[in-house]
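*Asks:*
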Amino acid sequence: EPSPLTFLTQAKASPLTTQFIEYIDDLPEYPKTALCGYTYVVPSHGLSNTEVSALISDFLSQSLLSHHHTFVDEDFWKRFQDTRQNVEISETDTAKRNAYR
Numbered sequence: 835e836p837s838p839l840t841f842l843t844q845a846k847a848s849p850l851t852t853q854f855i856e857y858i859d860d861l862p863e864y865p866k867t868a869l870c871g872y873t874y875v876v877p878s879h880g881l882s883n884t885e886v887s888a889l890i891s892d893f894l895s896q897s898l899l900s901h902h903h904t905f906v907d908e909d910f911w912k913r914f915q916d917t918r919q920n921v922e923i924s925e926t927d928t929a930k931r932n933a934y935r
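If you read the sequence shown in the numbering used here, its first letter stands for residue 835, the second for the next number, and so on.
(1) Using DSSP with H/G/I as helix, E/B as strand and the rest coil, what is Phe841?
(2) According to DSSP, simplified to helix, strand and coil, what is Phe910?
(3) Is DSSP giving Val875 helix, strand or coil here?
(4) How many angstroms separate the CA atom of Leu937 from the CA atom of Leu869?
(5) Decide yes or no for the touch test of the stretch 861-877 against the stretch 846-853: beta carbon pairs closer than 8 angstroms, at least 3 of them.
(6) Apart from the five residues on each side of it in sequence, which residues of its chain come closer than 8 angstroms, Cβ to Cβ, to Pro942?
(7) In chain order, what residues of the same chain lie with their CB nearer than 7 angstroms to the CB of Ser878, ignoring the 5 residues before and after it?
(8) Tell me which same chain residues have a C-beta within less than 8 angstroms of the C-beta of Phe841, skipping the five on either side of it?
(9) Is Glu796 helix, strand or coil by DSSP?
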């Protein structure tokens, strides 16, 4: 039996819902997904909304941002890896920067 949906917003029309919520310190290399929603709650350690958005945007390319899916095949994973190699990361700490690749 599927889990009941959890409301993430209080909108009267089309509220944002999710089926799964996972509390996690760091996102996995490839996050889980589900047809009815999979939500990660990641602590932002006091960052502003603008700073959090900037961190998220650092890892999104337009080709990946516009690609919606619920599973990964070899073709997508190859495109994903190729795209990640071409992402320009602004992190100055070499150890942290290498962890992103």
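Every residue, glycine too, gets a C-beta built ideally from N, C-alpha and C. Note that the structure is a prediction, hence the values are computed from the model and not measured.
*Replies:* In terms of the structure at hand:
(1) Counting from 1 along the sequence shown, the entry for residue 841 is found at position 7. Reduced to three states, the DSSP call for Phe841 is strand.
(2) Position 76 of the sequence shown, counted from the start, is the residue given in the question as residue 910. Looking at Phe910 - three-state DSSP - the assignment turns out to be helix.
(3) Position 41 of the sequence shown, counting from 1, holds the residue named residue 875. DSSP places Val875 in strand when its eight states are reduced to three.
(4) Residue 937 lies beyond the stretch modelled for the chain, which goes from 835 to 935, so this question has no answer here.
(5) Contact holds: three or more Cβ-Cβ distances are below 8 angstroms.
(6) The displayed coordinates of the chain run from 835 to 935. Any statement about residue 942 would go beyond what the structure contains.
(7) Position 44 of the sequence shown holds residue 878. Closer than 7 angstroms at the Cβ level, and outside the excluded window around Ser878, lie Val886.
(8) Mapped onto the sequence shown, residue 841 falls at position 7. Around Phe841: Pro849, Leu850 and Thr851.
(9) The displayed coordinates of the chain run from 835 to 935. Any statement about residue 796 would go beyond what the structure contains.
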